[in-house]
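First up is the structure itself, then whatever we jot down about it.
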Amino acid sequence: MNGRPSATANAGAPGSGDIVLSVEQLRIVLDPSGVDIDDDVSLVIRQGEVLGLVGESASGKTTAATSLLAHQRRGAKIAGGRITIEGVDVLAASPTELRRIRGGLISYVPQDASASLNPALRIGTQLAEILEAHHFGDSREDREARLVQMMSDVLLPSDKAFLRRYPHQLSGGQQQRVAIAIALACRPKVIVFDEPTTALDVTTQAHVLETIRALTRSYGVSALYVTHDLAVVANLADRIAVMYAGRLVEVGPKAALFAGAWHPYTRKLLAAIPDLSGRHALKGIPGWAPRPGQRVSGCAFAPRCDWAIEHCAAEFPPAEGLAIEHQVRCWRSSEVRAQGASHEAHLRSAAAALGSEAEKTVVSVRELIAYYQSKETLHDVTATLREHRCLALVGESGSGKTTLARCISGLHPFKIVGDIELRGKPLAREARGRSVAERQAIQYIFQSPYSSLNPRKTIRQILAQPLSVFFALSNDEAEARMERVLEQVALDASLLSRYPDQLSGGERQRIAIARALAAEPSVLICDEVTSWLDVSVQAAIIELLEELQRVTGVSMLFVTHNLALIRSVAQEVAVMNEGRIVEYGEVATVLDEPQAAYTRKLLADTPTI
Amino acid sequence: MSTPEAVTVETPGVVAERRPPQWLLTIREAWRLRRTKAGVAISVAMVALALFGPLIAPYSPTEFVGPPFAAPSATAWLGTDYIGHDVLSRVLYGGRTVISLALAATVIGLVLGVTLGMISGYARRWVDETVMRLLDVVLAFPSLVLALLFVAVFGPQLWLIVLLVGISHAPRIARVMRAATLEVTQRDFIKSAEALGVAHRRILAFEILPNISSPLLVEFGLRLTYSIGLIAGLSFLGFGMQPPAADWGLMINENRIGITVQPLAVAVPVMLIAVLAISTNLMADGLGRALIGIERDTGAT
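Chains as they are written, first to last, in my numbering: chain A, 443 to 1051; chain B, 989 to 1289.
Written out as structure tokens, the structure reads:
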């Protein structure tokens, strides 16, 4: 083994080095059916370069990424193409060679470290395993020295006591660091990062990203960073590849891409990123990314594209642009390029408040203490939600924001002390103890639209539930009411006879919102309603919520971990940390002149473009 | 931004037709497996044999057609039993009881087990603890021993046998159903219904039950197999059907003393019980495999 590459040796301008990995015409299909998952994927990664691979869910980005290690998930098959790493043809490798390639030449950091580390083995054992499997170094001492170094590389303690821990004794961020250490162990040429920070809080995410950045620089290792969030790769990647429906539509240097993307999809994607500074308004992309088998011929983005012409449906455009540096696949890219970058940017009209600060109080929480089992998780929380206004509740996981929301909606199953009032009248702790009018007044929209809709019920049956509980309606009246709420969430009445699993994630969340609206509430509690959705869909849902609040005048409690979102919906914000509200005020004031140290940290860690 | 844009795009390949319920999908999936087809074919044949057997039986089951333990002949194809009845006729008559009693016992067990399991899994806390610990007590007694105890007290009544076998299934079914209910109860749509104030029994019947219909189906097949074994066992021990009634379990008992002289009088009912149990088990197994497969397909979303 060579000595450790020094930080300076590889500090040359990223992207100028030799090509380490190249993918040519990769095509991956679903196994028996032969339907494309990925098609015509060609890309290169240079020495020391970080390539961000960005796409919405079901765009085939993870399938493409794992194929670099010659691995396919069940039901997928590589149907053609060539992948070479340092001259080694990965797809032609024998199983023995593959074992050497994986971990030795190219390694993989999975999305969820808690699921990828073996829960029954100590982390020291798991780290040593990879070194032994690859016969790293000449002796046991060599390996132990390497192990200590790996741990310090990822900023974890390397003492015996720490190495003897089991994965569940580490935090999510620490687990992900261990996974990164394992990936780096044998000094591979390329590391594939598959959304390694999606499961983490913003603060932890910022630290992990910082570690990845430092390590790729100091080791000169190349990386493919797969993510659905352009903001995450904005500060990390040298170049960005944008994938849509299994094909790369644009590959280009980060700066050029952000300054003026060549493909309409990239531009839309950029406009959908929540912007912390509040320069532009969120703009969702109508529709959603098609799954394999639902894709139209020609350019798959055409149905959602403002630029689409007849020819787009006929044929997928060839790559054009500057050699391998910046390429785009769009029939009208020259026209798109001619249009200034500002075309897609819609100036914000700040989430306009219907009511002023002087509005009447709808829900008030005073000196609330809530327990999880016997542990106190909310301490002395006081907050007010006013008529026609939206209060954002921001914090990381475990900050108590969801607990507070559940307390208000009567869904917290443990002990609560303190006052929760609806228009001055105290509310019972449990929803069942509340009057019909009180239950009707407060409606809750859950985080995951995959879990909040009964999969065995049609949309009609789902929407009928609040109607039958709160109103005595004839069938025709109920039907008309359902159609009206669907219209409010911009869905077609033809969906009524569908089942939830026939809908996309964004549509499901709209149904969940429609169910809440059907009760004609005065308070809408939105619990992380966009965290399960793609960025483009998230933007559309945020647009919808803001619109609904403006039109119906409903008061809204918007729970989120994403500070960048709140400018678009809320007028007031409460920042929570460890069960306390650490800062409370008008959105603009809090974001522009944060007082609490925690808010400042949160703002600094939120990825921006 | 004036109105939210209409985002409904027709999904290609998604038809708005009414989809069959989950249990039907499970059955459809199971039908693709060879073991299910074999199980169903054999079970149907066995039920047909039991139902229509009496119509084609050459003699009445209580008619004396020859000397005891006579070997097969032109008049009695499978020979005669311990008092000279025709074995073939008794076999053809003797299936109805075991199949109908096993079915009834399974249904009783399912109703009891599903009710208790769902209430336990949904109510949690002390209700769950109480119900499950009580069921553990029932579970601690081997089902056959428990049945024998009650039959010894109340005498060999058919309704009692059915009830006891059903009760002996209940704890096992309840455990499976409780686990399935627990999983469903944790999903947000249950919390949503609770926040609306939907009545508990409506939540159980309309939110939870449709989501656990597939494991329920598998339990049905599995418990049917066990019921057949238990009912036949009880008949063999003399607590089921009483002579001179024709019954496969009873026949084994009646004729076992002559097994060396006239093995067919024992072997044929033994084989039929075994084939019946294996065929229902094949069906249950097919359903079980289909269930796992289905969950794998849709579980990701």
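Just so it is clear, CB atoms sit at the ideal spot from N, CA and C, and this is done for glycine as well.
Just to confirm before moving on: does the CB-CB distance between A:Asp943 and A:Pro897 stay below 8 angstroms? yes
Of the residues A:Asp478, A:Ala507, A:Gly497, the one placed nearest A:Ser464, counting alpha carbons only: A:Ala507
For B:Leu1122, count neighbouring C-beta atoms within 10 Å of its own C-beta (all shown protein chains included) and say buried if the count is 16 or more, exposed if not. exposed
Which parts of the stretch 821-902 of chain A are runs of the beta strand (DSSP E), unbroken and 3 residues or longer, counting only runs that do not cross its ends? 832-836, 858-864, 884-887
Beta-carbon separation (whole angstroms), B:Pro1060 vs B:Leu1204, contact threshold 8 angstroms: Actually they do not touch by this definition, with Cβ atoms about 45 angstroms apart.
Please decide whether B:Phe1177 counts as near chain A, where near means a Cβ-Cβ distance under 8 angstroms. yes
Paired residues, beta bridge with A:Met1018 - DSSP: A:Ile1023
Shortest alpha-carbon distance to A:Ile904 belongs to which of B:Ser1180, B:Arg1078, B:Tyr1081? B:Ser1180
Looking at C-beta atoms only, is the number of pairs between the stretch 626-640 of chain A and the stretch 546-554 of chain A that lie closer than 8 angstroms three or more? yes
Test item: CB-CB of A:Ser493 and A:Arg771 under 8 angstroms: Reading off the sequence, residue 493 of chain A comes out as Leu, not Ser. Contact: no.
Could you have a look at A:Thr1050 and say whether DSSP puts it in helix, strand or coil? coil
For A:His785 and A:Arg940, what's the separation of their Cα atoms in angstroms? Low per-residue confidence applies at A:His785: pLDDT is 46, beneath 50, and the placement is therefore not dependable enough to give any value.
Cβ of A:Ala455 less than 8 angstroms from any chain B Cβ? A caution first: A:Ala455 carries a pLDDT of 45, below 50, which makes its placement in the model unreliable, though a value can still be read off. For A:Ala455, the answer is no, since every Cβ of chain B falls outside 8 angstroms of its Cβ.
Pick helix, strand or coil for A:Arg808, following the three-state DSSP scheme. strand
Could you tell me whether any Cβ in chain B is nearer than 8 angstroms to the Cβ of A:Pro695? no
Beta-carbon proximity list for A:Arg607, same chain, < 7 angstroms, skipping 5 on both sides: Arg564, Ile565
Using a Cβ-Cβ cutoff of less than 6 angstroms, which residues in the same chain neighbour A:Arg871 once the five nearest sequence positions on both sides are dropped? Ile858
Which residue from B:Arg1244, B:Ala1234, B:Ala1168 puts its Cα closest to that of B:Arg1078? B:Ala1234
Give the residues of chain B in contact with A:Gly852, contact being defined as C-beta atoms less than 7 angstroms apart. Ala1183
In whole angstroms, what separates the C-alpha of A:Met1018 from that of B:Arg1020? 54 angstroms
Give a yes or no on whether the minimum CB-CB distance between A:Ala873 and chain B is below 8 angstroms. yes
Presumed contact (8 angstroms Cβ cut-off) between B:Arg1084 and B:Ala1038, rounded CB distance: 5 angstroms
Residue span of the alpha helix (DSSP H) that contains A:Arg1065, given as start and end: The shown model of chain A, from 443 to 1051, leaves out residue 1065 of chain A, and the question about it has no answer.
Cutoff 7 angstroms; reference A:Ser893; Cβ partners in own chain excluding five residues on either side: none
Locate the alpha helix (DSSP H) running through B:Pro1251, then write down its first and last residues. Neither: B:Pro1251 is in no alpha helix (DSSP H) and is coded neither H nor E.
Can you pull out the residues from the stretch 1242-1273 of chain B whose beta carbon lies closer than 8 angstroms to at least one beta carbon of chain A? none
Could you tell me whether any Cβ in chain B is nearer than 8 angstroms to the Cβ of A:Gln991? no
In this structure, does DSSP put B:Thr1050 in helix, strand or coil? coil
When burial is assigned at 16 or more other CB atoms within 10 Å of the CB, is A:Glu818 buried or exposed? exposed
With H, G and I counted as helix, E and B as strand and the rest as coil, what does DSSP make of B:Asn1269? helix
Residues of the stretch 1185-1206 of chain B with a CB closer than 7 angstroms to any CB of chain A: list them in chain order, please. Gly1185, Val1186, Glu1195, Pro1198, Asn1199
Using a Cβ-Cβ cutoff of less than 7 angstroms, which residues in the same chain neighbour B:Thr1063 once the five nearest sequence positions on both sides are dropped? Val1053, Gly1054
So A:Glu466 is in the beta strand (DSSP E); what residue range does that whole segment cover? 461-472
Host beta strand (DSSP E) of A:Leu966 (start-end): 965-969
In the DSSP assignment, what are the bridge partners of A:Tyr550? A:Val634
Consult DSSP for A:Gly662 and reduce its assignment to one of helix, strand or coil. coil
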